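Each protein sequence line maps, in turn, to chains A and B.
Counting in numbering that gives the first Met the number 0, the first sequence runs from 0 upward without gaps.
Counting in numbering that gives the first Met the number 0, the second sequence runs from 0 upward without gaps.
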Amino acid sequence: MTLGEFEYLMLTSVARLGEDAYGVAIRQEIEDATGHPCSLGALYTTLDRLEAKGFVKTRMGDPTPQRGGRPKRMVRITAKGARAASDFYNAVMRVSRGVTWATK
Amino acid sequence: MGDEVGRPPLERIAWCVVDLASRLLHPEEREAVRGDLAETGARSGQALREVLGLVVRRQAALWMDWRPWLALVGVVVPLGMLLSHVSRLWADGNALDASLYVRLWDWAYLGNPGWRRDLVSIIAATLTNYLALIGWSWTSGFVLGSLSRRTRWVTATLFCLVVLLGTVGSTTTARAYNAMVFSGPFHGVVLLRLVRTVCVLLPALWGMHWSATRSRLPLLQAIVGAVAIVILTAWAARGLEGSLVFGRVGRPVTMPESGPDGFIGTADDPRPLWPLSLVMLWPAAYIVGTSSWHRCRGSSNRRAGLA
């Protein structure tokens, strides 16, 4: 099963955040990396798609006061997800070999 | 998202809309999203955009399934239109009868057996018609709810709109030839709204709620209900068909024509259209069918368990 670009960004962010991966933190990671805003709609629908593919697992965390007593949706990458992200990364590296992008 | 004290009114309204919209999300997702918004200190406008964006994506994904479409094509459009026309036809007929009886009322008439018989037959027909309307609406709502469980807010809203607006641009013979009677607010507007609310919208929403909480009816109840609706439909069939004859858009006034019996002025005789009344029965048939199927599946599962 292949990954889309945004799915890859999300998997990478989840992997980087480790135990602290949840909605707001993942969104911040993606926005910092891309410089573009990331909507909650895109975030949660992609998260569901990744979970359906077996690339991540989610669970509801404990409620916290700074969230108005509401829980976080915690995310963890699976071995299958790590493999898919690695394959995607290797494909991007292979196809990019020898190419330089002229930017002003 | 919860602290509303000290917020300007517009802000409070926006947060109310956010709350309402977020109810369309799965409870766990709703909590997570509300928590995310609270943690980031989102303002009302941003929160509204975020929640609506997610709701639209979720709803769009649900419409990839065939069931909401079946609910739309099989219930919302055909039954919503029929119920809209039928409710108006009967409400208008009752408005006319009521205005006549009120205008000409004399206690001395009660001594006349023929007059009494007429009154009783009108009341019986009215009650039967409205019972049929309630039965059709309840079963329509039930099927709508069970076919489009997670999209039921959208399909329910569309159903209500079709019922309320389905007759715009058309009229009935009662209205066309009795402008004086229908110029008053009660006969012209209130009675129709009352009939549609009490006999169509509330039963349909009740049926929808029932299917959402109990998922299916026991087979015996489903069969008894379906038989009752078949009897009521057979009784009310003429009125149902009449609504289609006279409610056609673009033909606001139907000129009297001779009916199959050769009498002029029986344009209200809609017998050629009687099969349309069968459309009203399909939700009842669906309920019996699904109840039977679940019962059969339950029996075979039990047998498999014993084996």
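Using N, Cα and C, we set each Cβ at its ideal position, and we do this for glycine too.
As the structure is a computational prediction, the values presented were derived from the model and not from experiment.
{"Check": "Out of curiosity, what's the CA-to-CA distance linking W14(B) and T57(A)?", "Outcome": "28 Å"}
{"Check": "With DSSP as the reference, please indicate the residues paired to K104(A) in a beta bridge.", "Outcome": "A question about residue 104(A) goes unanswered here, because the residues of chain A that appear run from 0 up to 103."}
{"Check": "Determine whether the Cβ of G52(B) lies closer than 8 Å to any Cβ atom of chain A.", "Outcome": "yes"}
{"Check": "Going by C-alpha to C-alpha distance, which of A31(B), S83(B), A60(B) sits closest to T63(A)?", "Outcome": "A31(B)"}
{"Check": "Any idea what DSSP makes of R58(A), helix, strand or coil?", "Outcome": "strand"}
{"Check": "Helix, strand or coil for G258(B) per DSSP?", "Outcome": "In this predicted model, G258(B) has a pLDDT of only 43, less than 50, meaning its place in the structure is not dependable; the value taken from the coordinates is given anyway. Coil, per DSSP."}
{"Check": "Cβ closer than 7 Å: which chain A residues qualify as neighbours of A37(B)?", "Outcome": "R66, G67, R69"}
{"Check": "In this structure, how does DSSP classify T138(B) when only helix, strand and coil are distinguished?", "Outcome": "helix"}
{"Check": "Taking S95(A) as the query, report the chain B residues whose CB atoms sit under 8 Å from its CB, ordered along the chain.", "Outcome": "Under the 8 Å cutoff, chain B gives no residues; its nearest Cβ is about 31 Å from S95(A)."}
{"Check": "What do you reckon, are the CB atoms on L53(B) and L24(B) nearer than 8 Å?", "Outcome": "yes"}
{"Check": "Decide if the region 43-57 of chain B is in contact with the region 78-89 of chain B; the criterion is three or more beta carbon pairs, one per stretch, under 8 Å apart.", "Outcome": "no"}
{"Check": "Quick one: does M9(A) have its CB under 8 Å from some CB of chain B?", "Outcome": "no"}
{"Check": "Starting from M279(B), trace the alpha helix (DSSP H) both ways and give me its first and last residue.", "Outcome": "First-last for M279(B): undefined, no H or E at that position."}
{"Check": "Which residues of chain B have a Cβ atom closer than 9 Å to the Cβ of M92(A), listed in chain order?", "Outcome": "What M92(A) touches in chain B: nothing, since even the nearest Cβ is about 32 Å away."}
{"Check": "Kindly say whether M59(A), judged by its beta-carbon, lies nearer than 8 Å to any beta-carbon of chain B.", "Outcome": "yes"}
{"Check": "Am I right that Q58(B) and V153(B) are in contact with their C-beta atoms under 8 Å? What's the rounded C-beta distance?", "Outcome": "6 Å"}
{"Check": "Could you confirm whether any beta carbon from chain B is found closer than 8 Å to the beta carbon of Y88(A)?", "Outcome": "no"}
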